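Using the numbering used here, the letters of the sequence shown map in sequence onto residues 1 to 197.
We put the beta carbon where it would ideally sit given N, CA and C, even for glycine.
Bear in mind that the values here come from a model prediction, so they are computed numbers and not experimental data.
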Amino acid sequence: MSEKSLAGFGEQACLFLDRDGVIVHDVPYNTDPQKVELKPGIVELLQKAHKMGMWVTIVSNQSGLGRGYFSWNDYRQVHQRICQLLAAQGEWVDLALCAPFYEGTEFKQAQARPHYRKPDVGMFKHAEEELGVAFSKSIMVGDSATDLIPAFQSGIRKLYLVASDKQAEEVKKLESHQKAHPQFKYQLISDFSEIVF
């Protein structure tokens with residue numbers, strides 16, 4: 001599923017962002033727009049990206065949809081709240097993609113897009129189709145190995161892991177991936193200002 005705010009195409013860099021834990025504080029399976037809170041520094045990060053002519057795209061697994069924990073309307077209300085909070089500070093997201101299923105589900109969209117959910121690369125390919133992304137110039141910011149590995153497989157080399165309560169586990173996964181793929185490199189950050197464009 002996608003929410004797109006800009007029309008047109010361009011072979012240009014893109015700032016890819018996970019949603020929960022990166023753009024907003026992570027509230028598991030959140031259905032309440034009033035619980036949406038932007039992470040500190042995210043607006044400034046988007047400002048920098050847009051100033052440099054980059055697309056900004058959300059790539060988010062939302063298995064709560066496939067599990068039946070919340071509805072599409074719930075998802076849209078939370079997404080709209082994120083957009084409202086960003087717009088209040090003059091910012092926006094150009095494309096928002098989500099994988100609304102989980103492994104083993106019979107959810108119809110899962111059958112239509114079997115490789116859509118991260119750590120598969122489906123959402124990155126979708127963004128390329130929609131926007132004409134230049135992956136070699138793009139950036140991925142996530143809080144899990146599941147975010148960074150498909151970004152790397154898509155051709156993105158600027159990979160940033162946001163510090164979190166689960167970072168020790170995620171670092172172990174990334175180190176394991178590095179052993180098999182020595183060219184895989186990422187940076188652990190505690191502040192978005194550490195990201196190099």
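Return the chain-ordered ranges of every beta strand (DSSP E) run that is complete within the segment 129-191 and spans a minimum of 3 residues.
139-142, 158-162, 187-189
Per DSSP, which one or two residues make a beta bridge with GLN12?
Per DSSP, the beta-bridge partners of GLN12 are VAL133.
Which of the three DSSP states is assigned to VAL43 in this structure?
helix
Beta-carbon proximity list for GLN178, same chain, < 7 Å, skipping 5 on both sides
PHE184
With respect to the beta strand (DSSP E) encompassing ASN61, which residues constitute its N-terminal and C-terminal limits?
55-61
Across which residues does DSSP place SER17 in a beta bridge pair?
Note that residue 17 is Leu in the sequence shown here, rather than Ser. The partner list for LEU17 (beta bridge, DSSP) reads ILE58, VAL141.
Close beta carbons around ASP74, own chain, < 8 Å, minus the five adjacent residues each side
THR31
Between GLN178 and the ligand NAP, is the CB less than 7 Å from at least one heavy atom?
In the structure on display, the ligand NAP does not appear, and there are no ligands present to speak of.
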